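Engineer: Sharing a structure, written as structure tokens. Questions coming.
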Amino acid sequence: MTLVVGHRGSSAQRPENTMPSFELAVRQGVDALELDVHLTADGQLAVIHDATLERTTDLDGSVADLAMDAIRAADAGYRFQTDDGASPYRGQGLRVPTLPEVLEWLPERVGLVVEVKARAATDATVGALRESRVAEAGLVTVISFDEQTIERIRELDPTLPTGLLLVPFDKVERGLSWAVEHRHQAVYPWEGDLGLDPMPLIAQAAAFGVRLGCYVVNEPQRMQQLDANGLWGFVTDLPDVARAALGRAGG
Numbered sequence: 005m006t007l008v009v010g011h012r013g014s015s016a017q018r019p020e021n022t023m024p025s026f027e028l029a030v031r032q033g034v035d036a037l038e039l040d041v042h043l044t045a046d047g048q049l050a051v052i053h054d055a056t057l058e059r060t061t062d063l064d065g066s067v068a069d070l071a072m073d074a075i076r077a078a079d080a081g082y083r084f085q086t087d088d089g090a091s092p093y094r095g096q097g098l099r100v101p102t103l104p105e106v107l108e109w110l111p112e113r114v115g116l117v118v119e120v121k122a123r124a125a126t127d128a129t130v131g132a133l134r135e136s137r138v139a140e141a142g143l144v145t146v147i148s149f150d151e152q153t154i155e156r157i158r159e160l161d162p163t164l165p166t167g168l169l170l171v172p173f174d175k176v177e178r179g180l181s182w183a184v185e186h187r188h189q190a191v192y193p194w195e196g197d198l199g200l201d202p203m204p205l206i207a208q209a210a211a212f213g214v215r216l217g218c219y220v221v222n223e224p225q226r227m228q229q230l231d232a233n234g235l236w237g238f239v240t241d242l243p244d245v246a247r248a249a250l251g252r253a254g255g
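Numbering-wise (the numbering used here), the sequence shown opens with residue 5 and increments by one.
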């Protein structure tokens, strides 16, 4: 069964990487959540995609240069807009969460895909996961676009499943070969790089014993095709659409 992974939660319908986004994705029946982490100036793990605050909050500044308390002062719902241009989460008290907060809240049946956005966050991420029941239950995968980052994760804790993200137009075959050589469990290319017929790459990954996922899939027909061909999992902004497309509506 192809896994449905909520991209920063249910990010088309709630402010990305916030608790309402994660909570909605879980209600919509995701198999796992994907989120991003950066290290703050005081050594905490902020769940935020960008290295800076301005795209998703009402404040400016670099996450790495700010303490978590200062980041908490930002309105994490400030920039989110619905299709009609409304801003229903502005001023509603949404804050940037920390990774330990999400780990403590995460329902038992839901997996987690943690993207380490900067090398500085690597050691702290592994430390946080080691202390969580999520890692003990085998429900977490740690991923990065940076090969040195996931090599470091494996060095710190060989029991944590790790995966390589591929930039768009990178060769999926290269990623699969690298994962096998370095003993990583998963590879996540951009979905377009799987091609119109994804079966050959899916079969190659299966032969290698590597989990092949992809990002970001929002079209129902593509979801159905990937599922029919046995893809391990895909990341989506629209978990409810994915569940319905795959005949699994209702979490």
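Don't be surprised by glycine CBs; every beta carbon is placed ideally from N, CA and C.
Computed from a predicted structure; not experimentally measured.
Is the number of C-beta pairs between the segment 53-64 and the segment 128-147 that are closer than 8 Å three or more?
Structural biologist: These segments do not touch.
Engineer: What are the boundary residues of the alpha helix (DSSP H) that residue 181 is part of?
Structural biologist: Residues 176-186.
Engineer: Using 7 Å as the limit for Cβ to Cβ distance, is residue 21 near chain B?
Structural biologist: Of the protein chains in this structure there is only one, and it is not chain B.
Engineer: Answer with buried or exposed for residue 66, where buried requires no fewer than 16 other C-beta atoms within 10 angstroms of its C-beta.
Structural biologist: Exposed is the call here.
Engineer: Give me the Cβ distance between residue 239 and residue 216, rounded to the nearest whole Å; I'm assuming they're in contact under 8 Å.
Structural biologist: Contact doesn't hold; Cβ gap of about 12 Å is too wide.
Engineer: Residue range of the alpha helix (DSSP H) that residue 147 falls in?
Structural biologist: Not the alpha helix (DSSP H): residue 147 falls in the beta strand (DSSP E), residues 144-148.
Engineer: Taking the alpha-carbon of residue 224 as reference, which of 81, 205 and 246 has the nearest alpha-carbon?
Structural biologist: Measuring from the Cα of residue 224, the nearest candidate turns out to be 246.
Engineer: I believe residue 214 touches residue 180 by the beta-carbon criterion, under 8 Å. Please report the beta-carbon distance rounded to the nearest angstrom.
Structural biologist: Confirmed, Cβ separation roughly 6 Å.
Engineer: Out of 48, 10, 201 and 158, point me to the one whose CA is closest to residue 34's CA.
Structural biologist: Among 48, 10, 201 and 158, the Cα nearest to that of residue 34 belongs to 10.
Engineer: Using DSSP's beta-bridge definition, name the partner residues of residue 215.
Structural biologist: DSSP, once it has assigned bridges, lists 190 as partnering residue 215.
Engineer: How would you call residue 69, buried or exposed, if buried means at least 16 neighbouring beta carbons within 10 angstroms?
Structural biologist: Residue 69 comes out exposed.
Engineer: Go ahead and label residue 111 buried or exposed: buried means 16 or more other beta carbons lie within 10 angstroms of its beta carbon, across all protein chains shown.
Structural biologist: Exposed: under 16 other Cβ atoms inside 10 Å.
Engineer: Go ahead and label residue 244 buried or exposed: buried means 16 or more other beta carbons lie within 10 angstroms of its beta carbon, across all protein chains shown.
Structural biologist: With 16 or more Cβ atoms within 10 Å of its Cβ, residue 244 is classed as buried.
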